[in-house]
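Taking it in order: structure first as structure tokens, then the write-up.
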Amino acid sequence: MRNVVCWDPGAVRQVINPFAEHMPDTLFKAVHSDWDLNVSPPVGTKFQEISDASWDKMSQRQFVADFLSDERPHALAAILGDTGSGKSHLVHWMRFQIRSDEQRLVLLVPKSGTSLRAIVKMIIDELPVDEQRSFLETLQSAGDGTQTRAGQKQQLLNDLAQVIREGVLSPDADEIEQELASYLPHLFQDPYMRATHFLGDETVISEIVDHIFAPSNAQDRPETRRSFAVSDLPLGGLDFASASKLAQDAMKIIALDTEKHTQLAVDIINDNLDKAIARTLSFSGDRVEELMTRLRAHLKVQGRELVLLVEEFARLQGIDRALLQSITSHGDERLCRMRSAIAVTTGFFESVAATAYMRTTHIVDMDRSAGRAEGHLVTSESLARFASRYLNAVRLGRADIDLWANDPTAPDNPPSRCATCAYRSDCHSIFGEVDGYGLYPFTPRALWNSAQRANDTLPESLNPRILQNDLLVEVLDNYGDSIRTGTFPPFQLLEKLKGVKLLPVAAELQLEARSPQYAGRWKAFLELYDGSGEIRNLDANLREAFAVPEIPGASAGLRVAVEEVVEQPAEKNKPAPSREEVLLQNWSNGGDLDTTLATQLRVLVFSAVSDTIDWDMLGLAKSGFVNASTGRPFQRGSISFARQASLVRSDLRVKLEIPGTLSPALAGAALVGLLKASKRDFNWDFENGDRMLAAFLDCVAVWARSVEEQLLALCNPTPDWSQARAAMELLCVGAAIGGKIKPDATIAEFLDGAFSSWPQECASRSKEMRDAYDSLLNGRETAAQMARFQISSMKGGQAGAMLAPSRVVSVIRNIRQSKWRLGLVPPSDDRTELATLYRRIQEALPAAATAEMNDRSQWLKEMEAAFGEGASRSAIVAGLEKAHAAASEAGIGSNNTAKPLADALERIRNVNFDDSLAAARSLAKFDDGLSALSHFGRGRRNGVEAGSALANAAKAFLDAIDENVAANSHSQDAKHSAIVLSIDSIHGALEAIETDLRMMDDTSGGTSNAA
């Protein structure tokens, strides 16, 4: 036989279904294994008190018979085990053995395909119609708010908040617990918290709502009880800022001791979760107990007993503890006998009350039962017996299985597909069989070796689900075609089964040296079908069946199908490998890498790769791109190993993962050799040293090439980004703002300004421009180094003194032609100092230039308003000094403004004020501030500040002179007015005298005439 596929790979998953409740009854019967169960009665007051001596073996049929025994007035079987151990499978099988009839009513709570609400409805439906009404009204009393999924979530949050608020804490609850219980409800009632954390589709609230209302399926079938975890609680940041004050108060209490108080908050929530679920369901624990009592009373009247089979007790979360109380209650003569079998996790069962535990009649431990043989361990024989039924079912197919199962005359066990196979004799001889069911494409040894890799609890326990999913389906479905094409077993299968574990690294290298084409298959074949850790040719018929080529020069091995599966003895007199070798062997075989060893290797590999790179050929300066610890793209932290314990740094632009594209065996051999050589002053003269050196040289060449490609990708310009160009542009911008590049500068002057030292302060006055310059000044060294490292001549990996003219000239021309606009676009994931600085300056520079332009224009207006258009420093100083002297000579006071004016005049004599004026006037010809960038360096900041100070001092002085002159003028006007009044008074008196004299003359003249 050769490359035979006696099943349909596309139909494998229709037959091998690890979920019993989703499997057709006919198929379930075909694959069911009737292994013995380990059963114990309750011992003491809690599950933990059961000792090994308390467990008894019982066949599955014996267990059911004892469970249904009339001598038992009550039966409660707790079927325990880890996920996938077969708990639900056993309960599902019990359904076939116990049917509803005139003697009993059997209720099955399946693991999936139902909801909590549907389960309660199922129980209610078993009551007489007239007794159903009150329970149905209770179940339907939740209201319209629970008719939609969104409303159901809102209702659950409301109920959870309310039951926490109503909860009664234990008497020993401390102040923090009391405060948390008081404030936690506000988290669930806060609108922001609801929308952000609790009402989404991937939240614990969503899962619980689906548990209550929505039928589950194979993907979301419950394995454990739903509960809150620490990650489900918001703990500050934007949450804190956006929440209401009451919700913030809850967060503040948690923040007092985040780790302790968060867990305490989670415990409080989970303690109240079942009550909230029952309230949202609108069916309390009391109503559950009442419902079960009424049902048992109804069945008592009918003369029947109640059998409750629960495939997963977590399916009943919310009413589970009330239901447990009901099924552990014997009741009285008015209630029917009750028998219950529940599949439950060991953890939950350990937490049940002592009364419920002590009323259990059967405790079945599936972890101790599935696949066990005599001696209480899983053996290769019991494993083969389990697998053989699935292998036969796959070969039969669904149609033939249905024919057998539906034939009332058919035997209990399905027929063997091998019975009609032409290869039966050879196949069973090579691969083995159990009860006529062939093990092909496995042998007993291959099945055992593979199962131990898939299920690491063997031989202590067997997890059927793991064996089905990770081994049987994997081989029969995913690798069926590789059997047909003669490429089985492929190395990819071995990698999925934890890789090379037994072959030494040297043996792997030998296989690769003998044939790189077949080395992978040989490794998989030897590891899975042999397991001795040696290179040898297995049975020729076995190799022929899979078309596995003979290994040149290898010894012959024994046939493997019929020999007993035992551990291979260790080779005598062979030196024990060092701890590092063992760890590396384990890593190359798919295990995790020890952190300490990873650190050692990282140092060695970093040095080797750095020295292997031809830096001159790359045109890069080694010191600019390599540093052991920080500051460069390639660091020790850039090196990571597959399956290392520590996190891989995501912030570094250059990363090297080992083995990368290389085979784990080759990389493992290289690293083992590198470690050994490092302890011998890098002398490779040790056993297999030549092979390991060759492996190391091959690996380091690949690793160095990977680093080179990443460095070139970082440095080589793209249409949008170039590190060298970005560095030169930033240097030119900074030099221009700092006054090191004049508006009419030549290319040589550009370069001199960019790479010469810059002033600590720029001439600009606006805060925006000063901030931009400070950022450029702080990042100048980084930009200068990057430019030198990438565009200077190289020798021995060191940056030379000469810059590459072709690259420098084009950058300078571009920045000048673009009028200082930065047009590159750093990659969004580039978080290096250069890219970050470029983004910051690119964003800030236009606004900074505009602000500086406005500031300069405003200053010029102020100077012209103060001193006149076209004024110069000498004219301004001469005019103010003349005014000062004139005021002094006239004796006009200046109200203490003369001294500040003199100081301002002295200050402006010592600065280049005229240059500041000229620079400000020159800006008028520019349309925008960015185009005038190089002119900002001309306007000397001390000249600008001196001019403003002088304008202020001159104004104060002249204002004081004007005030004093005005005051003197008022005084003189008053004196003049008094004199004028006096003169007027004198004139008036004289005129009166003159009038009187005239009158006297007139009188005397009349008398004379009369005489």
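Start counting at 1 in the sequence shown, then tack on 83, and there's your number in the numbering used here. Beta carbons are placed, not taken as given, at the ideal position from N, Cα and C, and that holds for glycine. Please read these numbers as outputs of a predicted model, since none were measured by experiment.
Anticipated Cβ contact below 8 Å, residue i with residue j, distance rounded
| i | j | result |
| --- | --- | --- |
| S123 | I351 | The pair is not a contact, with the Cβ atoms about 35 Å apart (cut-off 8 Å). |
| Q147 | L392 | Note on identity: in this sequence residue 147 is Val, with Gln being the wrong assignment. 11 Å between Cβ atoms; not a contact. |
| V1126 | A748 | No information on residue 1126 is available, as it lies outside the stretch 84 to 1094 that the chain covers here. |
| T128 | M441 | 6 Å |
| A161 | I425 | 6 Å |
| L1033 | L988 | 7 Å |
| A918 | T980 | So it is not a contact: roughly 54 Å between Cβ atoms. |
| L474 | L545 | About 16 Å; that fails the 8 Å criterion. |
| P547 | S463 | Not quite, the Cβ-Cβ distance comes to about 16 Å (not below 8 Å), so this is no contact. |
Reduced DSSP secondary structure (H/G/I, E/B, other) of residue i
| i | result |
| --- | --- |
| K204 | helix |
| K1008 | helix |
| H115 | coil |
| M141 | strand |
| G1030 | helix |
| V251 | coil |
| C631 | The sequence shown places Val at residue 631, rather than the Cys named in the question. Looking at V631 - three-state DSSP - the assignment turns out to be coil, as it is neither helix nor strand. |
| M946 | helix |
| I874 | helix |
| I618 | coil |
| I1062 | Any answer about I1062 is weak, because its pLDDT of 48 lies below 50 and its placement is not dependable; what the coordinates show is given next. The answer is helix: DSSP assigns I1062 an H, G or I state. |
| F717 | strand |
| D135 | helix |
| L904 | The question names Leu, but residue 904 in the sequence shown is Arg. In the structure shown, R904 sits in coil (DSSP, three-state: anything other than H, G, I, E or B). |
Exposure of residue i, with buried meaning 16 or more beta-carbon neighbours within 10 Å
| i | result |
| --- | --- |
| T231 | exposed |
| M946 | buried |
| P92 | buried |
| V688 | buried |
| R604 | buried |
| S721 | buried |
| A1099 | Examination of residue 1099 is not possible in this model, given that the chain is present from 84 through 1094 alone. |
| H294 | buried |
| S805 | buried |
| L611 | buried |
| S729 | exposed |
| V643 | In this prediction, V643 scores a pLDDT of 44, lower than 50, which makes its location untrustworthy; no coordinate-derived value is stated. |
| M700 | exposed |
| G817 | buried |
| M205 | exposed |
| V98 | buried |
9 Å Cβ cutoff met for residue i and residue j
| i | j | result |
| --- | --- | --- |
| L594 | I618 | yes |
| S325 | Y266 | no |
| S598 | P573 | no |
| L399 | L210 | no |
| L188 | L382 | yes |
| R715 | F708 | yes |
| A482 | D108 | no |
| D448 | R308 | no |
| D938 | S847 | yes |
| A359 | D284 | no |
| I741 | M84 | no |
| S168 | D450 | yes |
| A691 | W767 | no |
| F469 | L550 | yes |
| A628 | V114 | no |
Three or more C-beta pairs below 8 Å linking the region 573-591 and the region 546-565: The region 573-591 makes contact with the region 546-565: 3 or more CB pairs, one atom from each, lie closer than 8 Å.
Inter-stretch contact (C-beta, 8 Å, three-pair minimum) for the region 786-806 and the region 850-860: With a cut-off of 8 Å, the region 850-860 and the region 786-806 do not count as touching, because too few Cβ pairs lie within range.
At least three beta-carbon pairs within less than 8 Å, the region 929-938 to the region 1010-1029: Enough Cβ pairs lie closer than 8 Å, so yes.
Cβ pair count under 8 Å reaching 3, the region 354-368 against the region 148-168: Counting C-beta pairs with one atom in each stretch, the region 354-368 and the region 148-168 have fewer than three that are closer than 8 Å, which means they do not touch.
Stretch-stretch touch, CB-based, cutoff 8 Å, three pairs: the region 940-956 with the region 991-1008: In this structure the region 940-956 touches the region 991-1008; the number of beta carbon pairs closer than 8 Å is three or more.
Touching by the beta-carbon criterion (3+ pairs, under 8 Å), the region 425-435 and the region 170-180: Result yes; three or more Cβ-Cβ pairs closer than 8 Å.
Three CB pairs or more closer than 8 Å across the region 820-834 and the region 863-877: Note that the region 820-834 does not touch the region 863-877; fewer than 3 beta-carbon pairs, one per stretch, sit closer than 8 Å.
The region 409-417 touching the region 210-224, judged by at least three CB pairs closer than 8 Å: Cβ pair count under 8 Å is below three, so no.
The region 766-774 touching the region 830-838, judged by at least three CB pairs closer than 8 Å: Three or more beta-carbon pairs separated by less than 8 Å are not found between the region 766-774 and the region 830-838, which leaves the two stretches without contact.
Stretch pair the region 178-185 + the region 342-351: three plus CB contacts closer than 8 Å: Between the region 178-185 and the region 342-351, the count of Cβ pairs shorter than 8 Å is below three; the stretches do not touch.
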